[in-house]
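Student: Numbers 195 to 286, taken from my numbering, label the letters of the sequence shown in order. The following block contains the structure, expressed as structure tokens.
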Amino acid sequence: MDDLPDRHVQKTRPFEHAGIDSFEPLSIKHDEELKRAYDVILTCATTRLVHLELVPYMNTSQLLNALRRFLPRRDVPASMTSDNGPDFLLAE
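Given below as structure tokens:
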């Protein structure tokens, strides 16, 4: 069995190495109206802490806004990993 990557086992501050992903839209009731919203999930590679950001649409602009809200709270990660899913790829 291979060794774990250093970022998973070395002592670091929370979210120094982070992962980012999104998941299926949620149904949210707001002012008696049913709306859809998406969650951007950021995880700490060392502690497995989870940070969720709710966005109304899953597009580049909303993803960047979620990161703008995340960064002042948790500081800039040294590395960030994603699965390169379609939500994270810039359209041509």
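Note that the Cβ used here is the ideal one computed from N, Cα and C, for glycine as well.
Tell me the DSSP secondary structure of residue 264 in three-state form.
Tutor: Note: residue 264 maps to helix in three-state DSSP.
Student: So, using beta-carbon positions, are residue 213 and residue 254 closer together than 9 Å?
Tutor: no
Student: By DSSP's criteria, residue 215 is part of a beta bridge. Which residues make up the other side?
Tutor: 235
Student: Determine whether the beta carbon atoms of residue 236 and residue 245 lie at a separation below 9 Å.
Tutor: yes
Student: Return the first residue and the last residue of the alpha helix (DSSP H) that residue 203 is part of.
Tutor: 200-203
Student: Let's test the definition: count the other Cβ atoms within 10 Å of the Cβ of residue 266 and tell me whether it reaches 16, buried, or not, exposed.
Tutor: Burial call: exposed.
Student: Nearest-angstrom Cα distance between residue 217 and residue 260?
Tutor: 14 Å
Student: Distance check for residue 268 and residue 247, CA to CA, integer angstroms please.
Tutor: 13 Å
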